[in-house]
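Peer 1:
Number of protein chains: 4
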Amino acid sequence: MNVQLVMENLAEKKKAIFESTLQLIKENGFHGSPISLVAKNACCAAGTIYHYFDSKDTLIMELHSYVKSRLLEVLTNESESELDFKEQFTNRWVRICNFYIENPDILYFIEQFANSPYKDRGDINEEDKFKETVIAFYNRAMEKGVIKEMNQELIRTLVHSSIVTTAKMVLSGKITVSEADLMQMAGIMWKGLLIEK
Amino acid sequence: MNVQLVMENLAEKKKAIFESTLQLIKENGFHGSPISLVAKNACCAAGTIYHYFDSKDTLIMELHSYVKSRLLEVLTNESESELDFKEQFTNRWVRICNFYIENPDILYFIEQFANSPYKDRGDINEEDKFKETVIAFYNRAMEKGVIKEMNQELIRTLVHSSIVTTAKMVLSGKITVSEADLMQMAGIMWKGLLIEK
Amino acid sequence: MNVQLVMENLAEKKKAIFESTLQLIKENGFHGSPISLVAKNACCAAGTIYHYFDSKDTLIMELHSYVKSRLLEVLTNESESELDFKEQFTNRWVRICNFYIENPDILYFIEQFANSPYKDRGDINEEDKFKETVIAFYNRAMEKGVIKEMNQELIRTLVHSSIVTTAKMVLSGKITVSEADLMQMAGIMWKGLLIEK
Amino acid sequence: MNVQLVMENLAEKKKAIFESTLQLIKENGFHGSPISLVAKNACCAAGTIYHYFDSKDTLIMELHSYVKSRLLEVLTNESESELDFKEQFTNRWVRICNFYIENPDILYFIEQFANSPYKDRGDINEEDKFKETVIAFYNRAMEKGVIKEMNQELIRTLVHSSIVTTAKMVLSGKITVSEADLMQMAGIMWKGLLIEK
DNA sequence: AATGAATGAGGTTTCATTCAT
DNA sequence: CATGAATGAAACCTCATTCAT
Numbered sequence: 000m001n002v003q004l005v006m007e008n009l010a011e012k013k014k015a016i017f018e019s020t021l022q023l024i025k026e027n028g029f030h031g032s033p034i035s036l037v038a039k040n041a042c043c044a045a046g047t048i049y050h051y052f053d054s055k056d057t058l059i060m061e062l063h064s065y066v067k068s069r070l071l072e073v074l075t076n077e078s079e080s081e082l083d084f085k086e087q088f089t090n091r092w093v094r095i096c097n098f099y100i101e102n103p104d105i106l107y108f109i110e111q112f113a114n115s116p117y118k119d120r121g122d123i124n125e126e127d128k129f130k131e132t133v134i135a136f137y138n139r140a141m142e143k144g145v146i147k148e149m150n151q152e153l154i155r156t157l158v159h160s161s162i163v164t165t166a167k168m169v170l171s172g173k174i175t176v177s178e179a180d181l182m183q184m185a186g187i188m189w190k191g192l193l194i195e196k
Numbered sequence: 000m001n002v003q004l005v006m007e008n009l010a011e012k013k014k015a016i017f018e019s020t021l022q023l024i025k026e027n028g029f030h031g032s033p034i035s036l037v038a039k040n041a042c043c044a045a046g047t048i049y050h051y052f053d054s055k056d057t058l059i060m061e062l063h064s065y066v067k068s069r070l071l072e073v074l075t076n077e078s079e080s081e082l083d084f085k086e087q088f089t090n091r092w093v094r095i096c097n098f099y100i101e102n103p104d105i106l107y108f109i110e111q112f113a114n115s116p117y118k119d120r121g122d123i124n125e126e127d128k129f130k131e132t133v134i135a136f137y138n139r140a141m142e143k144g145v146i147k148e149m150n151q152e153l154i155r156t157l158v159h160s161s162i163v164t165t166a167k168m169v170l171s172g173k174i175t176v177s178e179a180d181l182m183q184m185a186g187i188m189w190k191g192l193l194i195e196k
Numbered sequence: 000m001n002v003q004l005v006m007e008n009l010a011e012k013k014k015a016i017f018e019s020t021l022q023l024i025k026e027n028g029f030h031g032s033p034i035s036l037v038a039k040n041a042c043c044a045a046g047t048i049y050h051y052f053d054s055k056d057t058l059i060m061e062l063h064s065y066v067k068s069r070l071l072e073v074l075t076n077e078s079e080s081e082l083d084f085k086e087q088f089t090n091r092w093v094r095i096c097n098f099y100i101e102n103p104d105i106l107y108f109i110e111q112f113a114n115s116p117y118k119d120r121g122d123i124n125e126e127d128k129f130k131e132t133v134i135a136f137y138n139r140a141m142e143k144g145v146i147k148e149m150n151q152e153l154i155r156t157l158v159h160s161s162i163v164t165t166a167k168m169v170l171s172g173k174i175t176v177s178e179a180d181l182m183q184m185a186g187i188m189w190k191g192l193l194i195e196k
Numbered sequence: 000m001n002v003q004l005v006m007e008n009l010a011e012k013k014k015a016i017f018e019s020t021l022q023l024i025k026e027n028g029f030h031g032s033p034i035s036l037v038a039k040n041a042c043c044a045a046g047t048i049y050h051y052f053d054s055k056d057t058l059i060m061e062l063h064s065y066v067k068s069r070l071l072e073v074l075t076n077e078s079e080s081e082l083d084f085k086e087q088f089t090n091r092w093v094r095i096c097n098f099y100i101e102n103p104d105i106l107y108f109i110e111q112f113a114n115s116p117y118k119d120r121g122d123i124n125e126e127d128k129f130k131e132t133v134i135a136f137y138n139r140a141m142e143k144g145v146i147k148e149m150n151q152e153l154i155r156t157l158v159h160s161s162i163v164t165t166a167k168m169v170l171s172g173k174i175t176v177s178e179a180d181l182m183q184m185a186g187i188m189w190k191g192l193l194i195e196k
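Residue numbers (numbering that gives the first Met the number 0), protein chains in the order written: chain X, 0 to 196; chain H, 0 to 196; chain R, 0 to 196; chain V, 0 to 196.
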């Protein structure tokens, strides 16, 4: 077996553990997701998890990074770099929202993580490409005078809330939305950010 | 000691346990809030807590009801029943936001609770006066043709997100707001709900 | 309230506690009979029980004495002192058996007590009139050459087993017995004790 | 280590826990046998016990099955299948009695178990080979017209009582018995079951 | 690398007992 | 006398983690 394959298998195993964890956390929360269950759900032994992660905390933190990297993939789309701000914003809003709808495990993990003491335990210097990418977008839009001067964190959180709320509504079956509906919702959010003229 | 006083003392103890729990959950999350700590923090023995609550779960659920009832007090304000929709909305938005800013324990508890398996464990038939009051308001506004026809849950969640996000920003020190700023934010949210003419 | 009445009330309370304890022990065993439940079942406060008994152990030991004294009452019957051994034996056997059938709580308490560490905790010098009465009977019968010379303890236990077993069968509904059947069973036991000629 | 050995070690551990439990229950009753003591006595950690048993109740119930299976071994003796009823009965009575005398832990456990709420907690459909074997014997004897038609449960309990009582007497030192004495006692019991001619 | 039995600290909960009222 | 809130030791049980295989 060559190095490449080993690496892939390793990645496979890690991914299985990640998916197992996501699923359990969605269903039972951090509380109800002991390593023993994570292991069983990932078809491996508890000890195996400690080959890949130093501790349960490490597992959670790395899972968070993994989830963020997947979100970054969804966010990024080279082909659209030439679009105007509104179209980029709308496309991104819809893509992330659809991603959450298709990956509810990730949505609930992100939400639980953000409201847990884990969120403050991360390496303070750890870069967050997702966050940086979003901030860069708003910075450019502000510099160009397209959107209001507002606190970055505030905008990001409000916009993200709108995505999360929409995805949760869809997942709970309380509303059904077409692609056009999502575009429209994104449009409303964008309008809120625009400089009023 | 008469009955009234006994009742008050009883309430006092329960309240002390509630406050202790809120504080610990804010600091350490559900995880990091064992009964032993809750007890020490409330200046009582662990066993005492089981005098008032059947289990830790019950404590959390009753704490949630307690918090909701305090929020309801903040929401309700008889004197303003004659104001127009916008003023009522704005006043309520600001009052709740200020309440969260002054009671961060409650803010963080509400958020953690909403993103935990606890939220689905409540009595399905338990009434939620807070929710009902808010829904009644939007219903009236829709009937009068003041705001758009939208899914109730969606509006409520989005508006609540905006309050929570703002309060968190203030608490984290990332922004400082005057009363006027809050009024303005509430105004922006209201504008988003209006029927466009 | 005169002294007599006070004494009676005191006795009443103690008796209520005894009955409550018997009932709970029958249903849940020693395990499942905490003082709090005993109190509730006896319509008094937990603290009250400690006015009458030094400790839970004391309660159990005194309950045992109480039960033994009630058994003694059943055993003793002055009017029959002139009967022959067989008739006395048979009458007593049947009376005790009927008593157990009518007081299952007591039957199960006696049985559980006898198979618990409590049985060795009693005051070693405490007299047991019930036991003494039974032994006296067998002694007289042996002296008269009516029954075999056997270990007292052995006879007593075997005869008591036969009573308990019969009562349990009746209580479980596995058999139904007439008074005559009981007389017959007692007769069989007596035959086993007789000197074979 | 091969599978066979692993299985044996597993059995070893479970057996050690069983023996530890039996010993403690004999000395202190169910009450005085907390898991912590059972563990210490079995030279393992408390947690280990929960590796093998779901709960303390499960441990007790499985211990009961284990004890019953050991009794079944003692009861069963292929070589004697050709003996007549009386000899089979006598041999079995003596074997079980000797087993209790040599294994007082088991005797006291059986007795305490039978007089505890545990006895009603077992799986209702769980087979009890010991019981079945005994019943089969009495059935055959009844069919052949050797012993009286009596309630099965009644016979079984009375005979078992006689064994238990005898074993307890011996263990308490109140009587000493030779093998011949035991044979004689068994014979007396058998005589009681015979159809009188 | 993978396993899963074993550990034991620590969590939730129970309950005999006390004591101020 | 009676109460029942309060106590805290100790029970049961969980689970992150280790380690021999």
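C-beta atoms are modelled at their ideal positions from N, C-alpha and C, and glycine is treated no differently.
These numbers come from a predicted model, not from an experiment.
1) Residues of chain H with CB under 9 angstroms from residue 63 of chain X, in chain order?
2) Consider the Cβ of residue 183 of chain R: report whether some Cβ of chain V lies at a distance smaller than 9 angstroms.
3) When you check each C-beta in the region 128 to 156 of chain V against every C-beta of chain R, which residues fall closer than 8 angstroms?
4) State the Cα-Cα distance for the pair residue 31 of chain V and residue 38 of chain V, rounded to the nearest angstrom.
5) Rounded to a whole number of angstroms, what is the C-alpha to C-alpha distance between residue 10 of chain R and residue 103 of chain V?
6) Out of H:161, H:187, H:178, point me to the one whose CA is closest to residue 106 of chain H's CA.
7) Check residue 109 of chain R in the structure and name its three-state DSSP category.
8) Is the Cβ-Cβ distance between residue 86 of chain H and residue 79 of chain H less than 9 angstroms?
9) So with CB distances below 7 angstroms, who are the chain X contacts of residue 173 of chain H?
10) Does the region 107 to 124 of chain H come into contact with the region 41 to 54 of chain H, if we say contact requires no fewer than three beta-carbon pairs (one atom in each stretch) closer than 8 angstroms?
11) Report the three-state DSSP secondary structure of residue 82 of chain H (helix, strand or coil).
12) Is DSSP giving residue 174 of chain X helix, strand or coil here?
13) From residue 101 of chain H to residue 149 of chain H, what does the alpha carbon distance come to, in whole angstroms?
14) May I ask you to list, following chain order, the residues of the region 100 to 119 of chain R that have a beta carbon less than 7 angstroms from some beta carbon of chain V?
15) Measure from the alpha carbon of residue 83 of chain V to the alpha carbon of each residue in V:131, V:124, V:139, then state which is nearest.
16) Give the interface partners of residue 35 of chain V over in chain R, defined as CB-CB distance under 7 angstroms, in chain order.
17) From the DSSP output, in three-state form, read off residue 146 of chain X for me.
18) So residue 164 of chain R and residue 157 of chain V are supposed to be a Cβ contact under 8 angstroms. How far apart are they, rounded?
19) Between which two residues does the alpha helix (DSSP H) holding residue 47 of chain H run?
20) Is it buried or exposed for residue 91 of chain H, if we count other Cβ within 10 angstroms and need 16 for buried?
21) So, residue 143 of chain X versus residue 193 of chain X, is the Cβ gap smaller than 9 angstroms?
22) So, are the CB atoms of residue 41 of chain R and residue 12 of chain R less than 9 angstroms apart?
23) Roughly how many whole angstroms lie between the Cα atoms of residue 96 of chain R and residue 81 of chain V?
24) Do the CB positions of residue 48 of chain V and residue 29 of chain V come within less than 9 angstroms of each other?
25) Using the C-alpha atoms, what's the distance from residue 20 of chain V back to residue 70 of chain H?
26) Can you check whether the C-beta of residue 200 of chain X is within less than 9 angstroms of a C-beta belonging to chain H?
27) According to the neighbour-count rule (16 or more other Cβ atoms, all chains shown, within 10 Å of its Cβ), is residue 126 of chain R buried or exposed?
28) Quick check on this structure: which residue in V:61, V:167, V:152, V:185 has the alpha carbon closest to the alpha carbon of residue 121 of chain V?
29) Quick check on the DSSP output: the alpha helix (DSSP H) that includes residue 70 of chain X runs from which residue to which?
30) Any beta carbon from chain R within less than 9 angstroms of residue 164 of chain V's own beta carbon?
31) Give the straight-line distance between the Cα atoms of residue 166 of chain R and residue 34 of chain V, rounded to the nearest whole angstrom.
32) Any chance you could list the alpha helix (DSSP H) runs of at least 4 consecutive residues sitting entirely within the region 16 to 42 of chain X, in chain order?
33) 9 angstroms is my cut-off, CB to CB: does residue 187 of chain H come that close to chain X?
34) Which residues in the same chain have their Cβ closer than 6 angstroms to the Cβ of residue 145 of chain V, if we skip the five residues on either side of it in sequence?
Peer 2: Considering the structure as presented:
1) The contacting residues do not exist; residue 63 of chain X stays about 14 angstroms from chain H at best.
2) no
3) 150, 152, 153, 156
4) 13 angstroms
5) 41 angstroms
6) H:161
7) helix
8) yes
9) 150, 152
10) no
11) coil
12) coil
13) 31 angstroms
14) 110, 111, 114, 115, 116
15) V:139
16) Correct list: empty, because the minimum Cβ distance to chain R is about 17 angstroms.
17) strand
18) 5 angstroms
19) 45 to 51
20) buried
21) no
22) yes
23) 40 angstroms
24) no
25) 54 angstroms
26) The first residue shown for chain X is 0 and the last is 196, placing residue 200 of chain X beyond what the model contains.
27) exposed
28) V:61
29) 55 to 74
30) yes
31) 35 angstroms
32) 34 to 40
33) yes
34) 84
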